[in-house]
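So the sequences go chain by chain: A and B.
Start counting the first sequence at 1; every next residue gets the next number (my numbering).
Start counting the second sequence at 1001; every next residue gets the next number (my numbering).
Every residue, glycine too, gets a C-beta built ideally from N, C-alpha and C.
Quantities reported herein were computed from a predicted structural model and do not represent experimental measurements.
Here's the structure we're looking at; comments come further down.
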Amino acid sequence: MTAFAHADAFWAALPAARHPPERASLERRLAEQLSEAETRWPGLSVDRRRFVAHWAARLARADDLGAAVEQLHLPDLFLAFACAEGDSRALRDFGTLLGTIAGAVRSVDASPAFVDEILQRLRTRVLVPDEGRTPRILDYAGRGSLENWLRAGALRLALNARRDARRGPEQLPDASLFEPVAPTADRTFELLRGKYAAEFGRALRQAFGSLESQERNVLRLHFMEGLSLNQIAAMYQVNKSTISRRMARARELLLARTRSALESALALPPAELDSLLEQLGPRLDVSLNSVLNPST
Amino acid sequence: MTTPALDLEDGHLDENAIARHVGGEATDAERARVAEHIDGCDRCRELLSALVRTLVSAEDDTPPKRTLPRGTNLGRYVLLDQVGRGGMGVVYSAFDPELDRKVAIKFLRGGRGNSAAAARALLLSEAQAVARLSHPNIVTVHDVGTFDGEVFFAMEYVKGETLLRAQRPGLAALQDTLALYLAAGEGLAAAHRAGIVHGDFKPENVLVGEDGRVRVTDFGLARAVSEHAPRFAGTPAYMAPEHWRGFPSDVRSDQYSFCVALLEAIEGRRPEEVEEASPTRPPDPVSLRRRALPARVSRVLARGLAVDPTQRWPSMDALLDALREARLPFRKSTAALAIALLVATAAAWVQHAVWERRVDHELFASAARVPELLRSQSELTDLLVQAGLRAEGVLKALGDASNMDAALGLAEDESRDQQLAEAHNALRSADLPGLKTRDVLLVANAWGRVVLNHAAPDAFGGPAPALPLLMETMEGTPSDALWSSTTLGRLGLPLVTEPREDDLLLVSGRPVIRGQSIVGMVLTGRWVDGGLLEELGRAAGAEIVLHSADGGWAGARWTETPPLGRVVELQRGGTTLRVLGIRLGGEGTRTPAGEAYVVRMLSAEETRGLGAAWLRWLLALASLGVLGWLGWLTRSSGWYGRARIRPPPS
């Protein structure tokens, strides 16, 4: 088997400090990987030497070159490079890829005009170079899949567009934390509400701020972004049970700290405080929402 | 370690880092840094959440509930069959031996909150309140109990179907629809008077019995059984906006849900504004403009759908009164309308007989009368002036194409193209609702001629003939541009959907250039590349290829081609099409949308026939206006609409 034909171009693009002492085995892997990428996207007219240099530059920061080579999404990087070169087949494949991420945009706003507009903008953004700059698709580093890279870009554009288009909902007055959930809410709560609204909001905010960032995060993701435990687990790449425990703990802590903050802020008789907190349990989610969404 | 520092761009997570993270490839250290970042950065947290939401199912795979066997004793009831399973819980049929009647038993899901006992208590208290309601339009709740730790209702057994299945869409069935909803509304109003909020009104929660009686069911249950905050209770598409802001629902929220349901019933589908609502996505304000609704019904709904609850009807009763009123005169007006139509048609035919010889063909062929017709339209003159054109010039261009530049008042230098492009954009994006269809057609006609003459002076072996151009967008839906097929369609003009040999395909839009070639063109909100553009490029040879000094659009120049475009021939499906590529937008301006039209020159005979047809129609409309019905009809648009020039969706 012949060695990697473009080895010189590869090493030339990599800082000398990163060159491993033993190159031959790595070069064999490089050759195999490149041929895999070419098989994945056949018929792309791409200058191989320039691509190999681009490839090497993506690896310039890696401490363990061998591992980084294995982790890189080379076929995706190859396609991205070919798109930047204006290869018409690559652009067609790129179009197909865009089609697969339309669903993500649709989750933000399902109107066809919006989806088309965002995909169009994404396309222009990544393919058409800005003043004095290479096309953004060359920023794709092959560290995740190209599809997810595009999906992230599309969602960012979509969320920005929605943010621009929409004024935020009105700020929730603190007193609304104490709106009775059902018309049958009991008298004690009616009395408490209004009387301690401000203190309660402050205590809850203070308690929330005192949580660890991880605890705040799960609460935010669940109550503010509406993610299920399953989705949060996927977001952190951990077990659902882990997230479930984290969530339960965060809620307990929040309740306990809200209680102690209230205790020190109000000189309440224990019975009244207990009653207040008993009411707080089921309402915690609503209240949290308003604490987490102070101004958005 | 192969961990580069966290990628940030403008202080936000870079797409590379995000792709790696959601792909599950991030190292522990990277993951920790992403977690730390999203704790402090709202935008990135929102972005990552949106990504995860599309990539990961929300299903928490809870085990399915067991089914109770037939014959199970629930207090005095004997269980029969399971008859339904919904968001609220499971429904069984059952028998009540004491009263010798069939009942429906509905088991409710767990109930919210941490403590099961507290949840049950809340559920029971709500259920008891509902059980006290007695009204012909409310499903009677006989009994509330618990079985094996679960709360159940024993209810009136209604043989029939849900309102969702019973209702028939369309204006023809409007009277029936209103009757059904007036009855359901009575049920809601009765509950409101007793201080009970429904909280999840929707057509699935209304039963129409075989006896025809309408009954609302599931009062207050959504909030009682919701496992999440009350904010997430209910069915998103019908939920009032205040719900999303964390306010509990009240009687006014029921009004909103009622109006969404009624609108859905009339139109046969949910308003698009609420279609995609979800616990994390509030509905957009529902707009009642441009809907085919009688104006009176529309007014009732508009108030019920107000985003601000205080702007809605003071009570459900008030809403129902208004709806009843809206219903009655509607019949009268329908009869009056029929008479008006008869009169108008007769008038139109008389007028038409007088006008036909003089106007018909002239309008399209020599257009001699056009300036005279248009001169009185001050709005149109304003439009043209806004577009930087001399109104007189466009009118003149209609009649005499020999010296258009002079007629239009355009400079005879390089800036002419810029002026033309600007004028074109201004015309396309103008919004003058007062303008009449005929005016729009005339401007389109004139302007189409101007563009054709400049872009393709030789396409027709001389000045472009007077049009009309009949157009259909090649890709997707017709755009709302000046040359809108919708506008033409309203006039009953045929649209070209099957291009034939001597048609001209107009392609306009913003070309996107990479290196030395066009890689795509933005057409009517849609990206066209590869196939069509390649074909275009091949057919055009080197001439249509855009050369770019610096590789970007800003510096792009059309070389060797007339600035506005060029006609090329294109083989498509065995047919030779002439393609005119025209460029929209001056340098540095953004024209996100473009269009592709098939343009067909009509023969004199075709023109004559068309002219007669659409003129007749126009005159009929004009007569209606004279009869004083124009205003009324316009508000009930959808039957016909005034021509509107709207900006393209951006």
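- The C-beta of Ile-1105/B comes no closer than 7 Å to any C-beta of chain A.
- In this structure, the straight-line span from the alpha carbon of Ala-1237/B to that of Asp-1284/B is close to 10 Å.
- Put simply, of Arg-202/A, Ile-137/A, Ala-141/A and Asp-76/A the residue whose alpha carbon is nearest the alpha carbon of Glu-38/A is Asp-76/A.
- When DSSP states are grouped into helix, strand and coil, Lys-1202/B belongs to the coil group.
- Nearest in C-alpha terms to Ala-265/A, of all of Gln-206/A, Ser-241/A, Asn-217/A and Val-238/A, is Gln-206/A.
- For the stretch 195–219 of chain A, the residues whose beta carbon sits under 7 Å from a beta carbon of chain B are, in order, Ser-213, Gln-214, Arg-216 and Asn-217.
- Not a single C-beta of chain A is nearer than 7 Å to the C-beta of Arg-1291/B.
- Distance from the CA atom of His-6/A to the CA atom of Arg-49/A, rounded to whole angstroms, is 6 Å.
- The DSSP-derived three-state label of Arg-1101/B is strand.
- Taking CB atoms only, Ala-165/A has no neighbour in chain B less than 7 Å away.
- It is roughly 16 Å from the alpha-carbon of Asp-164/A to the alpha-carbon of Ser-111/A.
- Per DSSP, the beta-bridge partners of Gly-1209/B are Gly-1160/B.
- In summary, no residue of the stretch 248–270 of chain A has a CB separated from any CB of chain B by less than 7 Å.
- Contact with chain A is absent for Val-1260/B, since none of that chain's Cβ atoms lies less than 7 Å from the residue's Cβ.
- In this structure, Asn-1016/B lies near Ala-141/A, with their beta-carbon atoms less than 7 Å apart.
- Per the coordinates, the alpha-carbon of Gly-1268/B lies some 7 Å from the alpha-carbon of Arg-1168/B.
- Asp-1143/B and Ala-1129/B do not touch by the CB rule: their CB atoms are close to 14 Å apart, not below 8 Å.
- At a Cβ-Cβ threshold of 7 Å, Lys-1106/B and Val-1083/B do not count as neighbours.
- Excluding sequence positions up to five before and after Val-1141/B, its CB lies within less than 6 Å of the CB of Val-1130, Ala-1131, Phe-1153 and Met-1155, all in the same chain and listed in chain order.
- Residues of the stretch 151–164 of chain A that bring their beta carbon within less than 9 Å of a beta carbon in chain B comprise Arg-151, Ala-152, Gly-153, Leu-155, Arg-156, Ala-158, Leu-159, Asn-160 and Arg-163, in sequence order.
- Chain order gives the chain A residues near Thr-1054/B as Gly-103, Ala-104 and Ser-107, where near means a beta carbon separation below 7 Å.
- Of the candidates Leu-1207/B, Gly-1220/B and Asp-1100/B, the residue whose Cα lies closest to the Cα of Leu-1124/B is Gly-1220/B.
- In its chain, beyond the 5 residues on either side, Val-1208 have a beta carbon closer than 6 Å to the beta carbon of Ala-1166/B.
- Note on Lys-1159/B: under 16 other CB atoms within 10 angstroms of its CB, so exposed under the neighbour-count rule.
- Leaving aside the five residues that flank Leu-1164/B on each side, the residues in its chain whose CB is nearer than 7 Å to its CB run, in chain order, Pro-1203 and Glu-1204.
- Setting aside the 5 residues that flank it on each side, Ala-1184/B is surrounded in the same chain by Asn-1137, Leu-1163, Val-1206, Val-1214 and Val-1216, each with a C-beta closer than 7 Å to its C-beta; the list follows chain order.
- A check of alpha carbon separations from Leu-227/A across Glu-1046/B, His-1012/B, Ala-1019/B and Ala-1035/B identifies Glu-1046/B as the nearest.
- In this structure, Glu-1036/B is the residue among Glu-1036/B, Glu-1025/B and Val-1022/B with its C-alpha nearest to the C-alpha of Val-218/A.
- When the alpha-carbon of Ala-31/A is set against those of Phe-51/A, Leu-44/A and Ala-17/A, the nearest one is in Phe-51/A.
- When Cβ-Cβ separations below 7 Å define contact, Gly-1145/B makes no contact with chain A.
- Following the DSSP letters along the chain, one finds Ser-1315/B in no beta strand (DSSP E), marked with neither H nor E.
- Per DSSP, reduced to three states, the secondary structure at Leu-266/A is coil, with no helix or strand assignment.
- Comparing alpha carbon positions, the residue from Arg-40/A, Gly-201/A and Tyr-236/A closest to Asp-93/A is Arg-40/A.
- Looking at the backbone, the Cα of Gln-1255/B and that of His-1243/B are separated by about 13 Å.
- Gln-1167/B carries a coil assignment under DSSP once its states are collapsed to helix, strand and coil.
- For Gly-1075/B, the nearest beta carbon of chain A is not closer than 7 Å to its own beta carbon.
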